[in-house]
Each structure stands twice: as structure tokens, then as C-alpha cells.
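Below: the structure, in C-alpha cells.
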Amino acid sequence: MKKTDGNNAKIIKDYRLPDLLINLMMHLNFWMLLFIMFIMSHALWGYIHEGSALSFLMNSKLIPDRPFEPILSAGLLYASLLLLLTTETDQGIQFLFKLLTETFIVIILSRIMSFSYMGMFLMIIANLIRRPTGKWNRNITFVLVGICYFLLESQILSIWIPVTSLSDYLSYYRSDYAKIIQGIINVGKLLNVFLFMCYMFFMVRIQMSENERILSLNEQLREANVKLEEYSEKSALMAQTSERNRLAREIHDTIGHSLTGIVTGIEACIMLFDTNGELVKEQLKAISEVAHRGMEDARRSVRALKPDGLENMSLDLAIEQMIDEMRRSTGIHFHYDCSVKLRDNFGDDEAEAIYRTVQEGITNSVRHGKPQDIWVTISKADGKLNIIIRDNGAGCPDFEKGFGLSHMEERLEMLGGKIICDGNNGFLLQAEIPIRWGTEVD
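For the sequence shown, the working numbering begins at 947 and goes up steadily by one.
What follows is the structure, encoded as C-alpha cells:
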């Protein structure tokens, strides 16, 4: 957590210089706007006071506004542009409307300045790169702004939009003064482009640093996944070893103890068989009791390996509880249809096989298919129990049986049954189990 906070702080710090550069661009464009508007208004005012306004109008393509009036409108438009540039919008229509408005304001400002300065378009591009937007919006912006910048810079728009050329205003000044004014404007253009290039350079560096950070995090995540898989494998081996040891202890403490007593008693009976028949009978009775106790201990051990649901309730209730728990934990819709009364009509091995088959089928559907619906159908036909589990998930065309299904297939084969799986069009499991029905059920 501390490392992540450090990375976030570093990213925020890296953005300080680009933010400074784009603020400098905003200030530079503001002063360039004021400078050009002042030169144009001053020249027009001079033409009027010197009485040469008629000569100016003869060379101009249109009648200009009153002196110094465009400065106020240009200032208000530029303030609106800055407000839009500093406003974040959502993706889609709002973003497109904001972009069109910014472009329209820049075109109007460029016209007021007689298309002599187009550096404000670079602010729109810089702001787009700084703000997180979708790839589609960004491509549209680059195309639109690039087209407008080309049309203005190449003076093509002046064919349809008549303006008084800046050179007509500069003709009011002496040639040396006019050259100085034009030089200041050119320096402003170059400085604006320089600030934009520096801004792009630092933004590319930040993006490269961010990509490296993401690659590093992905590598750390991959290493963590590898270690987690290794730990999972070790845990599985440890669980298997623990289960084997538990079964070994169970066998040793129950069946082993009983068999030891039986073997010892039989050996004693062999020795006493020819000499004391009554004592042999008593010994055989004792051996029988030991054997019965061993059988009871073995049954308790077997019952301990049964599913908890089958230990505490009937088969049908255990299956319904399992499906309900899976439904509540996964949110998947289950459609359960059972036309057989799953009560006390099955042996322990049959009941466990049915329960485990339904459990394994549902588990595989949830784990591999990510379905929205799962259908579980249990029916009876020709002395066999048919179990069908299918879903509407992604399926698995290259389906291979894992440990769970392989173990289930072995379990059903011991009962004379079979299992069929299909991973096309969702996951499908069909099981057929010959049943020793006990009492006949419908």
C-alpha cells in the first residue's frame, strides 16, 4: 500500500511541469491576443485622426469595427475559452459539444486578429492530451483541430471569410517599426510552439514512465500468481498427506486393533482345540464380540467419510440444500426437476454417488461455463436413475476430464453406471446409474 501511494505521489509530481507549461501557453496567448488587438486598434485610430481612413478603406476588404471595441469582445471570448479548457466533461455528446465550442471560439478569435495568429489551437491539443478521454474522442479531436489549423494557417478560410489583412494595419507604421512588430508576433508564435513541444516531450516521458510502472506491476502480479499456484499445489499435497495419515490412524485404531484381537484369539483357540472344547467356545464368543465391535468401528469410520448433508438429512433434502446454497452464493438461476422420491430408497453407496454426481456437475458448470441458468433433472427409466445437468454458459469445446470427473466416473463404474460430458453449447453432464431400488418408488 505504501509503495502504491509513493507511485501515485510521483505521478502527481511529474504532472507539475506539464501543468506549468500549459499555464505559460495560456498566458502567452493572452498577451499575444492583447498585443495584436492593440496594434490593430492603434493603427485604425491613427488612420482616423490623420485623415487617411479613406485610403485604408480602399485597400481593406471590409469596414472594420470601431477602434478598441474588438479588444473587449476578444477578452470575453478568451476568458470563455479558458473556462472551457479547465472544465472536465464526460465522454460522448458533452465532450464533442465542448470541443466544437472551443474550436468555434478559436476561429472567431483568429478572425478578429485577421488570421495572423493561430497558436490557441495548440492549447486545445495540449488540453486534450492532458485530460483522460476515450480513443475515439481523441482521434476526432486531432482530425478536427488539425483541419481547422491547416485551413487558418494556409489562409484558405480568408477566401470565404473576408478580413482586413494585418499588413494593412502595419502599413500605418514606419517600415522599421512594422518589422519590429512583425518580429514580435513571429517570436510569440515560435515561443508558443516551443512551449507546446516541451509540453509534448514531458507528457511522452510521463506516459512511458506510466507504461513501465504498469509493466512492473504486471510482472509482480505474474510472480505472485506463480507463487500462489506453487503454494496451492503444496497445500493440496499437504492435504492429501494429512488425509492419508488420518485414514491410517483410523484404520490402525479400529480395524487394526480388532484384527489383532481376532488373530490372537484364533491362535489361542487352535492351541486349546484338542484339550478344552468348552474354553474354545468361550474364546470364540469373545472373538465374535471383538469382530462385531470392529465392524461397528469400521461403519463409524465410513460414515465419517460421507457428505455432511447425507449424514444429517435425506438425499432429496441434501440435494435441494446444496442447490439452494449454490444459488444464493453465485446468483445463478437453478431449474431443479426431480420426478423420483429420493428418500430412503437407496444404499449408502448409491446415495453418495447420486449426491456427488449432482455436486460435481454443478461445480463444473459454475467453474468453467460462468452460466446464467443451470438445469438439474433427475428421472427414472428402465430400472436406472438418469441425471442430466446442463447450462447456458460458455462451454468448453476442448473439454478434458479432470480429477473430479474422473473420480466420479470410477465411482459410477463400480455401480455399473456411466457418465457422459459435452462442452459444446454450454456444459452438459449425463449420468446413468443402475439402482437397487429397495422399495419401489414412482
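Even glycine gets a Cβ: it sits at the ideal position worked out from N, Cα and C.
Please return the same chain residues whose Cβ sits closer than 8 Å to the Cβ of residue i, not counting the five positions on each side in sequence.
| i | result |
| --- | --- |
| Leu1225 | Leu1218 |
So for residue i, helix, strand or coil by DSSP?
| i | result |
| --- | --- |
| Ala1340 | coil |
| Phe1067 | helix |
| Asp1199 | Low confidence applies to Asp1199: its pLDDT is 49, below 50, so where it sits in the model is not reliable enough to give any reading. |
| Leu1361 | coil |
| Glu1355 | helix |
| Asn1332 | strand |
| Phe1219 | coil |
| Phe1061 | coil |
| Leu1374 | strand |
| Lys1135 | helix |
| Pro1317 | coil |
| Ser1325 | strand |
| Phe1280 | strand |
| Ile1039 | helix |
| Ile1160 | helix |
| Ile1379 | strand |
In whole angstroms, what separates the C-alpha of residue i from that of residue j?
| i | j | result |
| --- | --- | --- |
| Val1089 | Leu1029 | 23 Å |
| Leu980 | Arg1151 | 34 Å |
| Gly1369 | Ile1093 | 53 Å |
| Tyr993 | Asn975 | 27 Å |
| Ile1233 | Asn1222 | 17 Å |
| Ser1178 | Ser1188 | 15 Å |
| Asn1171 | Arg1382 | 48 Å |
| Met1149 | Tyr961 | 8 Å |
| Arg1168 | Pro1317 | 27 Å |
| Ala1020 | Arg1057 | 10 Å |
| Met978 | Phe1061 | 13 Å |
| Gln1121 | Gln1128 | Residue identity differs from the one stated: residue 1121 is Ser in this sequence, not Gln. Their Cα atoms are separated by approximately 10 Å. |
| Ala1297 | Gly1363 | 13 Å |
| Thr1035 | Phe1373 | 45 Å |
With 16 other CB atoms within 10 Å as the buried threshold, where does residue i fall?
| i | result |
| --- | --- |
| Arg1336 | buried |
| Gln1305 | buried |
| Leu1027 | buried |
| Asp1199 | Caution is warranted here: a pLDDT of 49 is assigned to Asp1199, below 50, making its placement in the model unreliable, and the coordinate value is therefore given only provisionally. With fewer than 16 other Cβ atoms within 10 Å, it is exposed. |
| Asp1114 | buried |
| Gly1339 | buried |
| Phe1041 | buried |
| Ala989 | buried |
| Met971 | buried |
| Tyr1123 | exposed |
| Ile1324 | buried |
Just to confirm my understanding: we take residue i, look at its own chain, exclude 5 residues before and 5 after, and list those with CB closer than 6 Å. What are they?
| i | result |
| --- | --- |
| Glu1355 | Ile1365 |
| Gln1059 | Correcting the residue type first, residue 1059 is Met in the shown sequence and not Gln. The residues are Ile982. |
| Arg1273 | Phe1280 |
| Ile1039 | none |
| Lys1326 | Val1286 |
Quick one: what's got a C-beta closer than 7 Å to residue i's C-beta in the same chain, skipping five residues either side?
| i | result |
| --- | --- |
| Leu1023 | Ile1051, Ile1054 and Leu1055 |
| Thr1047 | Leu1030 |
Cβ contact (3+ pairs, closer than 8 Å) linking the region 1262-1276 and the region 1302-1318: yes
Stretch-stretch touch, CB-based, cutoff 8 Å, three pairs: the region 1128-1142 with the region 1045-1065: yes
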